[in-house]
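Asks: This is the structure, below, for whatever I ask next.
Numbering (my numbering), first residue to last: 1 to 103.
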């Protein structure tokens, strides 16, 4: 299934629907992600999740660098508690809870 993209303002709806994986990346500035680790894994993420036969996934952009570095960033709080990006979260079917995997 093709990757979908979500900006920070739309993150409240992420745990609903059929999404099985959430991929947290830095936002793009002038068309490029500011986080070098995100840039390093972008191709692998696309190869893994973009084909039609892949599990459904959504790219979630956590904000510009200053927004991400702030302890008030929404993704650093409940329910995500992210400490690093890129992070891949697998949503569990039963409770829609998550399992995190930091790249």
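Backbone N, C-alpha and C fix where the C-beta goes; we use that ideal spot for every residue, glycine too.
Does at least one heavy atom of the ligand SAH sit under 7 Å from the Cβ of residue 25?
Replies: The model depicted lacks the ligand SAH and carries no ligand whatsoever.
Asks: So what's residue 22 in DSSP terms, helix, strand or just coil?
Replies: In the structure shown, residue 22 sits in a strand (DSSP, three-state: E or B).
Asks: Could you give the DSSP three-state label for residue 87: helix, strand or coil?
Replies: strand
Asks: Which residue comes first and which comes last in the alpha helix (DSSP H) that contains residue 41?
Replies: 36–49
Asks: Using only the alpha-carbon positions, how far apart do residue 23 and residue 59 sit?
Replies: 5 Å
Asks: I think residue 21 touches residue 55, with their Cβ atoms under 8 Å apart; what is that distance to the nearest whole Å?
Replies: Between residue 55 and residue 21 the Cβ distance is about 6 Å, and since that is below 8 Å, they are a contact.
Asks: If I follow the unbroken beta strand (DSSP E) through residue 57, where does it start and stop?
Replies: 57–61
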